[in-house]
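Peer 1: Under the numbering used here, the first residue of the sequence shown is numbered 26, with each subsequent residue one higher.
Glycine included, each C-beta is placed from N, C-alpha and C at the ideal position.
Provided herewith is a single structure, encoded as structure tokens, for subsequent inquiry.
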Amino acid sequence: MNIGNSGSPGAAKAFGRLLRFYRERAKVSQDLLGKETGYSKSQVAMIERGERRAKGRFVSIVDPLLGAQGALLEVAQEVTASGVAAWFEDYLLEEAKAAGIHKYENQVIPGLLQTEDYARAVFYSAVPALEEDEIEAGVAARLARQQVLFRKPAPLVTFVLEKAALTKPLGGPDVLRKNLLHVREIAELRNVTIQVMPEDRQTHAGLNGPFTLLETAQRRSQLVYVEGQGGRYFLSEQPDVGDVFARYGALRAQALTPEDSVRLIEQVARQL
26 MNIGNSGSPG AAKAFGRLLR FYRERAKVSQ DLLGKETGYS KSQVAMIERG ERRAKGRFVS
86 IVDPLLGAQG ALLEVAQEVT ASGVAAWFED YLLEEAKAAG IHKYENQVIP GLLQTEDYAR
146 AVFYSAVPAL EEDEIEAGVA ARLARQQVLF RKPAPLVTFV LEKAALTKPL GGPDVLRKNL
206 LHVREIAELR NVTIQVMPED RQTHAGLNGP FTLLETAQRR SQLVYVEGQG GRYFLSEQPD
266 VGDVFARYGA LRAQALTPED SVRLIEQVAR QL
């Protein structure tokens, strides 16, 4: 997957492993390393797991402190602006080769359907705030990822979107309107089906939140990917996987038809 001209997927994990190696060899605790760099112990742990990018003077302090002789400084250059969070890399590997991708979303237009301006607005909304190079790299990676929709052989891709995800004006009304028109265009692809969940449902199968379902090549196995405030994880064992696939089937039955969904998307766009 091409994610831009700088950085590379896995760089954050590689840096984290190297940092841990030198820290343990030097017999320096995460707590002490944090005090030397102005980071907390938990933040150092996140860097070592590849979940957080080291910022400021962190690398220039820890490299001589741990006796890395420039190794950490060298690898840190690859971490800059890779555009893909380390925790998301495992998912992207599965998505890129999946025979089926099925997504339920209730907050924002999904990444596979985002325009450049809308994606940028999503990254600008991040808390804590991202640096400018991180935002631009993230946008580039997200746009590159969308090529999976046009892959040969084409995957079967379906979406169930809450209407609220289509009306939140991230980036402003014009940005949202253009993204809705883009969603309308993607809905015309023969391998893509988009459905909208109406607001007046009295029963709802998606109250546990968003998730993504992946069917692997030749549909020999299935995966569920869940992302939330406290962490991200895959489900790959039964009956958990079967339960979520059944839940998605119920969501599709409760949502508007693809034809009615397209008309609703067009209506929302006209009103902006």
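State the Cα-Cα distance for the pair V182 and Q172, rounded to the nearest angstrom.
Peer 2: Cα to Cα, V182 sits roughly 12 angstroms from Q172.
Peer 1: Exposed or buried, what is A101 when buried is set at 16 or more other beta-carbons lying within 10 Å of its beta-carbon?
Peer 2: Buried is the call here.
Peer 1: To the nearest angstrom, how far is it from the Cα of E130 to the Cα of L91?
Peer 2: For E130 and L91, the distance between alpha carbons rounds to 44 angstroms.
Peer 1: Under 8 angstroms, with one C-beta from each stretch per pair, do the segment 268-288 and the segment 148-158 reach the 3-pair mark?
Peer 2: No: fewer than three Cβ pairs fall under 8 angstroms.
Peer 1: What are the start and end residues of the beta strand (DSSP E) that includes T192?
Peer 2: Taken as a continuous stretch (DSSP letters only), T192 belongs to no beta strand (DSSP E), being part of the alpha helix (DSSP H) at K188 to T192.
Peer 1: Closer than 7 angstroms by C-beta to A190: which residues in its own chain qualify, once you throw out the five before and the five after it? Chain order, please.
Peer 2: Taken in chain order, the residues that qualify are E130, N131, Q132, V133 and I134.
Peer 1: Exposed or buried, A271, counting other C-beta atoms within 10 Å across all chains shown (16 or more means buried)?
Peer 2: A271 comes out exposed.
Peer 1: With H, G and I counted as helix, E and B as strand and the rest as coil, what does DSSP make of R272?
Peer 2: Three-state result, R272: helix.
Peer 1: What residue does the alpha helix (DSSP H) around E103 start on, and which one ends it?
Peer 2: Start and end: A96 to V104.
Peer 1: Closest by CA to R226, which one among Q139, E187 and Y258?
Peer 2: Among Q139, E187 and Y258, the Cα nearest to that of R226 is on E187.
Peer 1: Alpha carbon to alpha carbon, how far is R257 from Y250?
Peer 2: Approximately 8 angstroms, taken between the alpha carbons.
Peer 1: Curious, which full-length alpha helix (DSSP H) runs of at least 4 residues does the segment 131-182 contain?
Peer 2: Within the segment 131-182, the complete alpha helix (DSSP H) runs of at least 4 residues are 141-149 and 157-170.
Peer 1: If we ignore side chains and look at the alpha-carbon of each, how far apart do N30 and A165 end up?
Peer 2: In this prediction, N30 has a pLDDT of 34, which is less than 50 and means its spatial position is unreliable; nothing more can be read from the coordinates.
Peer 1: Decide if the segment 283-297 is in contact with the segment 261-268; the criterion is three or more beta carbon pairs, one per stretch, under 8 angstroms apart.
Peer 2: Too few Cβ pairs lie closer than 8 angstroms, so no.
Peer 1: Classify D88: buried if its beta carbon has 16 or more other beta carbons within 10 angstroms, exposed otherwise.
Peer 2: By the 10 Å Cβ count, D88 comes out buried.
Peer 1: When the distance is taken between beta carbons, is V104 closer than 8 angstroms to A154?
Peer 2: No, the Cβ-Cβ distance between A154 and V104 is not below 8 angstroms.
Peer 1: Just list the residues that DSSP pairs R257 with in beta bridges.
Peer 2: BP columns for R257 point to E252.
Peer 1: Cα-Cα, which of E252, P264, G197 and E76 is closest to A294?
Peer 2: Closest by alpha carbon: G197.
Peer 1: Can you grab the Cα-Cα spacing for the pair I72 / L118, in whole Å?
Peer 2: If I take the Cα positions, the gap works out to 21 angstroms.
Peer 1: Below 6 angstroms CB to CB, which residues in the same chain sit around D136 once its five sequence neighbours on both sides are set aside?
Peer 2: The sequence given here places Gly at residue 136; Asp does not occur at that position. The answer, listed in chain order, is R167.
Peer 1: Less than 8 angstroms between the C-beta atoms of Q55 and K66, yes or no?
Peer 2: Yes, the pair counts as a contact, with Cβ atoms nearer than the cut-off.
Peer 1: Over what stretch of residues does the beta strand (DSSP E) that includes Q220 continue unbroken?
Peer 2: Residues V217 to M222.
Peer 1: Quick one: give me the first and last residue of the alpha helix (DSSP H) that T62 is part of.
Peer 2: Here the alpha helix (DSSP H) through T62 covers Q55 to T62.
Peer 1: Can you check whether the CB of L138 is closer than 8 angstroms to the CB of I211?
Peer 2: Closer than 8 angstroms, so yes.
Peer 1: Does E240 come out as helix, strand or coil in the three-state DSSP assignment?
Peer 2: If DSSP states are grouped into helix, strand and coil, E240 belongs with the strands.
Peer 1: If you count every other CB in all the chains shown that lies within 10 Å of the CB of G63, and 16 or more means buried, which is it?
Peer 2: G63 is exposed by the Cβ-count criterion.
Peer 1: From which residue to which residue does the alpha helix (DSSP H) around P198 run?
Peer 2: Element bounds for P198: P198 to I211.
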